[in-house]
Structure formats: C-alpha cells, structure tokens
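First up is the structure itself, then whatever we jot down about it.
2 protein chains.
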Amino acid sequence: MAAARVSKLANGKAHAAPQALYQRIRADLEEKILSGRWPPGYRIPFEHELVESYNCSRMTVNKVLSGLAAAGVIERKRRVGSFVAKPLVQSAVLHIPDIQAEIAKRGEAYAYELLSRKRRKATKDDLDRLGIDKSCDVLVLSCRHIAKGRPFALEERLINLDVVPPASEIDFTRVPPGTWLLGHVPWNEAEHRITASLADDVALKALTLKKPAACLVVERRTWRKNKIITSVRVTYPNDLYQLTARFTPTGLRS
Amino acid sequence: MAAARVSKLANGKAHAAPQALYQRIRADLEEKILSGRWPPGYRIPFEHELVESYNCSRMTVNKVLSGLAAAGVIERKRRVGSFVAKPLVQSAVLHIPDIQAEIAKRGEAYAYELLSRKRRKATKDDLDRLGIDKSCDVLVLSCRHIAKGRPFALEERLINLDVVPPASEIDFTRVPPGTWLLGHVPWNEAEHRITASLADDVALKALTLKKPAACLVVERRTWRKNKIITSVRVTYPNDLYQLTARFTPTGLRS
DNA sequence: GGACGTCCTATGTCTATACATAATCAGCGG
DNA sequence: CCGCTGATTATGTATAGACATAGGACGTCC
C-alpha cells in the first residue's frame, strides 16, 4: 500500500493534481462538505481512516484537519471525532478597498487633497472616539479623494499620537493618511460601522452635492494591542460608491 | 539538547498560558510583528535559526511559519527567507443579522407584513437580477418588518422558481421569505451590495418617512451551484439601522 | 561583458514514531 | 441506582530524518 503511494511519487508529480498531497486531501474534504454530502453535524472519518484511504501518514491528514478546524469548517473533539461545523449564516467577508488603489484599478485619474490638519490635546469627544480616559495628543485631519475630477470621498480622521508618534512628522499633503498608516503601522483589529445619512453642510460642500443628498458613511476604528490607533469617518456620495461583500460558507479558496 | 528543552518546559517558563510550544512561538513572533519591532518587509529569522533559539525541531517552527503565512501575516520565498507582510486591509467580517432574530434579541415587539405577492414570467429586468438568459417563473414579494410598531425595513424579493419550485406553495403571509429560505434551501455563496439612497415614494410610504430621507440599502443575491436562488433588496431608515463589521487578521490574538 | 549552467540553501512536503491529554465507556463497589 | 475508577481511543503536540523544489549566487565559456 505504502508502496503504491511511493511509486506515485517516484513516477513524478501527480498527474492532473500538481498540488501537494495534503492540499488534494483538503480539497477533497471541502468538496464533500460544500456539496452537502457531509452535512453540518456529520462525523467525518477518523484520522486513522483517512490515513488508510489516502495511504499517507497521520501527520499529513492531521495537518489537513487542523487547518480545517482553524478555518472553522470543522470542529474536533478528543476521543469523539471531527464534525462538520454548522455554517454561521450571518457573516460575510466585506471588501474594504484602499480608496487610492481602488480608483487606480479602475484606471481613473486620482487626486487627493488635504483640507485641514490640526494637532491638539484630545477633547472629550476625541477621547470618546478613541476609547480612552486620560488625555493625549491627537492629530485631526480632513481630506478629500477625487476621481476623474469629481469629489469621491470625504475623510475625517483622528490619529492617536500616543500610539503613533511618527504620524506628527508626516507630510499628509502628499500622502493620504490611510495609505501611510496602512504601510507603516501594524494593527490587529478593526471595527466598521456602516450607515446612511443625509449630507450635512460640510459634506455637501466638500463633495459638491446639491441639497437633499444621501451618503454612505463608513466609520472605522483600528486597534493595536487594545489601543485605538485611528478613528476615521469616510463619507461617499451615494451615486459613486458601494460596498460589496461576498461570502462562501467555508470562506476558503474558491 | 532535547534534554535542555525538557528542562525548560519543566521550569515552567511561566509565560501567560504557553500551552503548546508552537503556540508560544507563534505568540512570540506575532508580538514582535505587532509591536513594530519587526516592521513590514523585515526578514524574520530563518527556520534553522528559530530551531536553535527555541530548541525545537524544524517541523515545529515550520508549523508556526506556515500558519502565519496562511494567515497573511508573513510572506515566504524559497531560498530567500520569510518576510513580514504589508498589512492589507481589504476584508472584514460583516455581520448580517436575521431581522427577526435581531429585533427579538433587543427585546422589542416584532411584526411582519406581506405587502404584495406576484407570480409571473420573468421580465427582462428580473432575468438581469437573477443573472440568467432564458426565461423562467419568478415569485415577486414585497414585505415589511416592524419593530415596536414602527416600520423597520422594507424587503423586496425575487425568487427563482426554477431553482426553488416549492416556494410557490408557501404561505408567505405567515413566514417571512428570508426565514423560510434560510431554513429550507441550501446555498453556496452570497453577495451583498450596500448603498445609501434617498427614499423613493414606495419606500417613503412603506416606512412612513418624510420627504428627504436617507436609507441604507442592502441587496443580496444568493447562489446555489452557480444559479441564483433569490435576489433581495432590503431598505432601512437611516436612523434605525447600521451595519457593523469587525475584523481580526486571521489568528492574530490580541 | 553577457549568456548559460551548476551549486547552494531556505522553504515545502512527507514519514514513522512517540507520548500527552481529554472524554467516553465499561465495570466495580457501595 | 449512584458514584468512582481505570481502560480505551481520537485528537494534540513534538521529534528526527528525508527528499523535492525554487531561485539566487557564482563561476565558466564564448
């Protein structure tokens, strides 16, 4: 049996599947789960059974099953077995593009403009947005993104200078703050709030809109080690922007 | 040297909760990356170097590094090394609550109302929304969700009866179509479009709003094996609803 | 100097083995 | 019937060794 597998390897690569064995196994199992043949709650074969049917070592199938468990596709219990997880129906992967990159991808002219920049001691409201108690220095920025000569988004941003001191040295008239932060500050969590609103006067002016205008507002807060790095509100005219989210139950390769 | 490692473990090393060695190593590396000591682009130690400094086998550090690579935290190149990846913020997990469940969770009274139901041959526009060419039968539903006596959402739905024939038999005056579909029709994939818009006359009336009103509109299409099951547009008054999304780069524990 | 081939090396994958751990189950005593 | 105990078993973690492979470094040849 082992000999059979070895001869396969000796022959060279696996014919139609030039992948690694564990990737082939994983694709196999994912297919069975996605197709519904192994429904949620189904007990998938034990490691030693998979070892036999694939003629490989336990480490290999263990790598596959650990990966599926880490991805939330299956749940494992000692002494009991591994089970297909119930799909959590209520979440989707939301694509939040970098504005500059997104516009560039569409092949449209991009421009950026810093409207205002202030450095100050955090006000009470600032502290609230940054989720902290004791005062600190913040950088308050307001800027515009322009695509094809038309204002595309208004960005109002608060940066916690205690967490990112170098931000005070950056020339944000040239680099959009989002772009700079993304490239220079690691983060480990982000939260978004997405709402619709009627544009207020500031937004109307910045986006050159006429009176009753609906806007999509995305507010994002980004954490690093339990401290909020930055809090940003981006306002898009309703006719220029939409968010899209695509979800595949396992959330894995498609 | 194996002895050295054992003694280390015996000593306890008393980190926070360093259960498995590879988890401790992973936490170590993540900490270095998150803290900024290893900035994006930094070449992290080679596997054999980590093997030495942690006194473990290469399989163990390989498991850690493979995991970090799979999570997108680092990038690896043969013969070259492993590098801290530039953080790409392009996706977040979007929580899309079931309307009824969400309202119930808030402890508010929930009511549901079917406004209209039509069965017809698909129009050109219907076919477009369902992403197909040849005509088929569709079910067109319009309904309202009500929380605390106030209209909370307007739902306009198209169901492809070729894919879900039993839907024509269901009494949607009692069961919201979303609830029934979720419970009875398996699906592969879903796509959401989120936009803001000024309420049109239909929405104004259904949601009892006054003239200039911004609404959050979520359009969702749900697939089963490359065929669209249903296409739905849900309109929320801007003051009653917001979407939130929270994202942690895979596996980066805080 | 430029094209080409060879060697070197870090990662990629796989194996066989080992012991640890958690949870279940059967059996036993009360 | 209850509670305890120990055996059983699937998963969890770790090891050492092996070979494959990509791609950069470097020297050779023209």
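Going down the list, the protein sequences come from chains A and B. Under UniProt numbering, think of the first position of the first sequence as 1, with each following residue one higher. Under UniProt numbering, think of the first position of the second sequence as 1, with each following residue one higher. Cβ coordinates follow ideal geometry from the N, Cα and C atoms, glycine included. As the structure is a computational prediction, the values presented were derived from the model and not from experiment.
Among the options, which residue has its Cα nearest to the Cα of residue i?
i: Thr230 of chain B; options: B:Val163, B:Ala196, B:Thr195; result: B:Val163
i: Glu108 of chain B; options: B:Lys124, B:Ser53, B:Gly149, B:Thr123; result: B:Gly149
i: Pro151 of chain B; options: B:Arg79, B:Leu182, B:Ala111, B:Val80; result: B:Ala111
i: Glu155 of chain A; options: A:Ala203, A:Arg78, A:Val84, A:Arg106; result: A:Ala203
i: Leu216 of chain B; options: B:Leu68, B:Tyr236, B:Asn55; result: B:Tyr236
i: Phe83 of chain A; options: A:Gly41, A:Leu198, A:Leu182, A:Gln242; result: A:Gly41
i: Arg224 of chain B; options: B:Thr244, B:Val185, B:Asp200; result: B:Val185
i: Leu181 of chain B; options: B:Ser57, B:Ile228, B:Asp125; result: B:Ile228
i: Ala20 of chain A; options: A:Ser35, A:Tyr54, A:Gly36; result: A:Tyr54
i: Lys77 of chain B; options: B:Phe46, B:Arg58, B:Thr60, B:Val61; result: B:Phe46
i: Ser142 of chain B; options: B:Lys134, B:Lys210, B:Cys56, B:Pro177; result: B:Pro177
i: Thr244 of chain B; options: A:His192, A:Ala122, A:Thr123, A:Ala71; result: A:His192
i: Ser35 of chain B; options: A:Gln242, A:Ser66, A:Asp201, A:Asn188; result: A:Asn188
i: Ala190 of chain B; options: B:Val232, B:Ala122, B:Arg174; result: B:Val232
Give every residue of the same chain whose Cβ lies closer than 7 Å to the Cβ of residue i, excluding the five residues on either side of it in the sequence, and list them in chain order.
i: Val140 of chain B; result: Lys118, Arg120, Leu158
i: Asn62 of chain A; result: Glu47
i: Trp38 of chain B; result: Lys32, Ile44, Val84
Would you mind stating whether residue i and residue j have Cβ atoms separated by less than 7 Å?
i: Thr179 of chain A; j: Gln100 of chain A; result: yes
i: Ile103 of chain A; j: Ala153 of chain A; result: no
i: Val64 of chain A; j: Ile25 of chain A; result: yes
i: Phe172 of chain A; j: Leu114 of chain A; result: yes
i: Ala206 of chain A; j: Arg129 of chain A; result: no
i: Asn226 of chain A; j: Ser197 of chain B; result: no
i: Gly81 of chain B; j: Arg43 of chain B; result: yes
Name the chain A residues whose beta carbon is nearer than 8 Å to that of residue i?
i: Cys215 of chain B; result: Ala196, Ala214
i: Pro40 of chain B; result: Gly183, His184, Pro186
Using the beta-carbon of each residue, which ones in chain A are nearer than 9 Å to residue i?
i: residue 265 of chain B; result: Residue 265 of chain B cannot be examined here, being either before or after the span of chain B that is shown, 1 to 254.
Within 10 angstroms of the Cβ of residue i, are there 16 or more other Cβ atoms? Answer buried if so, exposed if not.
i: Val234 of chain A; result: buried
i: Arg220 of chain B; result: buried
i: Pro165 of chain A; result: exposed
i: Arg253 of chain B; result: Low local confidence applies: a pLDDT of 38 at Arg253 of chain B is under 50, so the model's placement there is unreliable, with the coordinate-based value given in what follows. Result: exposed.
i: His48 of chain B; result: exposed
i: Gly183 of chain A; result: exposed
i: Gly131 of chain B; result: exposed
i: Asp133 of chain A; result: exposed
i: Asp201 of chain B; result: exposed
i: Tyr241 of chain B; result: buried
i: Asp126 of chain B; result: buried
i: Leu9 of chain A; result: Reliability fails at Leu9 of chain A, whose pLDDT of 35 lies under 50, so the model's placement of it is uncertain and the value that follows must be treated cautiously. With fewer than 16 other Cβ atoms within 10 Å, it is exposed.
Check the Cβ of residue i against every Cβ in chain B and list those closer than 7 Å, keeping chain order.
i: Pro186 of chain A; result: Ile33, Leu34, Gly36, Pro87
i: Asn238 of chain A; result: Thr195, Ala196, Ser197
Counting only the same chain and skipping the five closest in sequence on each side, list residues whose C-beta sits under 6 Å from that of residue i.
i: Ile194 of chain B; result: Val218
i: Leu29 of chain A; result: none
i: Tyr22 of chain A; result: Thr60, Lys63, Val64
i: Ala199 of chain A; result: Leu209, Ala213, Cys215
i: Arg58 of chain A; result: Glu47, Val51
i: Glu75 of chain A; result: Phe83, Ala85
i: Leu68 of chain A; result: Ile74
i: Ala122 of chain B; result: Ser135, Cys136, Val138
How would you list, in chain order, the residues of chain B whose beta-carbon sits under 9 Å from the beta-carbon of residue i?
i: Asn62 of chain A; result: Neighbours of Asn62 of chain A on chain B: none; closest Cβ ~10 Å, over 9 Å.
Using a Cβ-Cβ cut-off of 8 Å (strictly less than) and excluding sequence neighbours within five positions of residue i, which residues of its own chain qualify?
i: Leu161 of chain A; result: Arg119, Cys136, Asp137, Val138, Leu139, Ala167, Ser168
i: Lys86 of chain B; result: Pro40, Gly41
Residue i versus chain B: which residues are under 8 Å apart at the beta carbon?
i: Arg224 of chain A; result: Leu34
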